[in-house]
Amino acid sequence: MTARNSTTRRIGLLLRTYGLLGLRLGETISGRLGMEHVDMRALTLIGQAQQDGAPTTVSDLRQRLGLSSGGTTLVLDRLERLGHVRRVRDHRDRRVVRLEVTTEGTRTGHRYFGGLATRLAAVGEDFTEDELATVHRFLEAVVDMTSAHLDDVLADAGAGPGDAR
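Each residue of the sequence shown is one higher than the last, beginning at 1 in UniProt numbering.
Given below as structure tokens:
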């Protein structure tokens, strides 16, 4: 095995570990909040879109979660009941329903994830701007690759349990 292959393998293992830790963190926090893990995913997606200045719609969320309309409604009903999200009709097109994280939802996010953001910023201090730019470029490529792989898996409708292709 070449040094490059060894490094790539170690990076892959670290990314897998990071992903598993992220799942465990999300499951732990959603459990403490009385939420399903999919509720946490939805809340995260809504909040991220809101931070990016492009509030998401119910239809967008349904597609990103990979749920049916009914499943998405159940998730949103739970998040509304907990006071984390609200549905807002678009003032230009009343048929469009936009989703917003409430002040309470933001407060809860800061309570559980604020420390993580602080720690991430501290880790970043150990790297130069050029190193961070390289990490950013690498992670963007990893996200794009993973998204493409997910699309491939979703498109393989014939695969099921026991189907080892």
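Quick reminder that beta carbons are idealized off the backbone N, C-alpha and C, glycines included.
If I follow the unbroken alpha helix (DSSP H) through V135, where does it start and stop?
If you number the sequence shown from 1, residue 135 lands on position 135. From DSSP, the alpha helix (DSSP H) with V135 extends over 129-155.
Please state whether the Cβ-Cβ distance between V97 and R87 is less than 8 Å.
Counting from one through the sequence shown, the residue named residue 97 turns up at place 97. Counting from one through the sequence shown, the residue named residue 87 turns up at place 87. In terms of Cβ geometry, V97 and R87 form a close pair [threshold 8 Å].
V101 to D60, Cα distance in whole Å?
Numbered from 1 along the sequence shown, position 101 holds the residue referred to as residue 101. Numbered from 1 along the sequence shown, position 60 holds the residue referred to as residue 60. Approximately 15 Å, taken between the alpha carbons.
Which first and last residues belong to the beta strand (DSSP E) in which R4 is found?
Position 4 of the sequence shown, counting from 1, holds the residue named residue 4. Here R4 belongs to no beta strand (DSSP E); instead the alpha helix (DSSP H) covers 3-32.
How would you label G114, buried or exposed, when you count the other beta carbons within 10 angstroms and need 16 or more for buried?
As a position in the sequence shown, residue 114 is number 114, starting the count at 1. Answer is exposed; the Cβ neighbour count stays below 16.
For V38, name the three-state secondary structure that DSSP assigns.
By 1-based counting over the sequence shown, the position of residue 38 is 38. Residue state, collapsed to three classes: helix.
What does DSSP give as the partner residue(s) for L99 in the beta ladder?
Translated into positions along the sequence shown, residue 99 becomes position 99. For L99, which the question treats as bridged, DSSP gives the partners R87.
Please list the terminal residues of the continuous alpha helix (DSSP H) segment that includes E80.
Position 80 of the sequence shown, counted from the start, is the residue given in the question as residue 80. Counting along the chain, the alpha helix (DSSP H) containing E80 begins and ends at 69-81.
With a Cβ-Cβ cutoff of 8 Å, do T56 and L45 count as a contact?
Along the sequence shown, read from residue 1 onward, the residue named residue 56 stands at position 56. Along the sequence shown, read from residue 1 onward, the residue named residue 45 stands at position 45. Closer than 8 Å, so yes.
For T56, which three-state DSSP category applies?
Translated into the one-based positions of the sequence shown, residue 56 becomes position 56. The answer is coil: DSSP assigns T56 none of H, G, I, E or B.
Between L20 and the rest of its own chain, which residues show a CB-CB distance below 6 Å, the 5 nearest in sequence each way excluded?
Counted from its first residue, the sequence shown places residue 20 at position 20. So the list is empty, once near-sequence residues are dropped.
Check residue 182 in the structure and name its three-state DSSP category.
Any answer about residue 182 is impossible in this case: the structure gives the chain only from 1 up to 165.
Counting C-beta neighbours from all protein chains within 10 Å, is the total for T8 16 or more, i.e. buried, or is it exposed?
Translated into the one-based positions of the sequence shown, residue 8 becomes position 8. Taking a 10 Å sphere around the C-beta of T8, we find fewer than 16 other C-beta atoms and assign the residue as exposed.
Please name the residue in V38, R81, T28 whose C-alpha comes closest to that of R62.
Indexing the sequence shown from 1 puts residue 62 at position 62. The residue with the shortest Cα to Cα distance from R62 is V38.
Taking only three categories from DSSP, how would you classify E104?
Within the sequence shown, the letter at position 104 stands for residue 104. Of the three classes helix, strand and coil, the one that applies to E104 here is helix, per DSSP.
Between the segment 18-36 and the segment 75-82, are three or more C-beta pairs nearer than 8 Å?
Contact between the segment 18-36 and the segment 75-82 is present, because at least three Cβ pairs lie under 8 Å.
Let me check understanding here. Comparing Cα to Cα, which of M40, S6, L23, A3 lies closest to G105?
Counting from 1 along the sequence shown, the entry for residue 105 is found at position 105. The shortest Cα separation from G105 among M40, S6, L23, A3 belongs to M40.
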